[in-house]
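First up is the structure itself, then whatever we jot down about it.
In the numbering used here, the protein residues as written are 1 to 84.
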């Protein structure tokens, strides 16, 4: 049976702020490539905010779970599940 994948999402404006900082610095500021220069492709990803679909889906599922009375931990776990 395949392992359940997990959505990694951020609040959209928080991701946008980090992407803007990286674009200005033209350098990776977090993760495995920290300190290395951004390629043209990576800079394009940051200016287009291509991660926003996952961010919005995760935030929607989190709010949906909180409104149904789940705890913050349960809502976070639910929002990270990919699929139904």
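For each residue, glycine too, the CB sits at the ideal point set by N, CA and C.
Taking all protein chains shown into account, residue 19 has 16 or more neighbouring C-beta atoms within 10 Å of its C-beta and is therefore buried.
Contact between residue 23 and residue 47 holds, with the beta-carbon distance rounding to 6 Å and staying under 8 Å. Annotated as distal: residue 75 and residue 60, with beta-carbon spacing of 8 Å or more.
Residue state for residue 34 is assigned as coil, using DSSP reduced to three classes.
Going by beta carbons, residue 79 and residue 58 fall inside the 8 Å limit.
Of 4, 21, 10, 27, the smallest CA-CA separation from residue 56 is found for 10. Going by beta carbons, residue 27 and residue 38 fall inside the 8 Å limit. With a contact defined as Cβ atoms closer than 8 Å, residue 29 and residue 21 qualify at about 6 Å.
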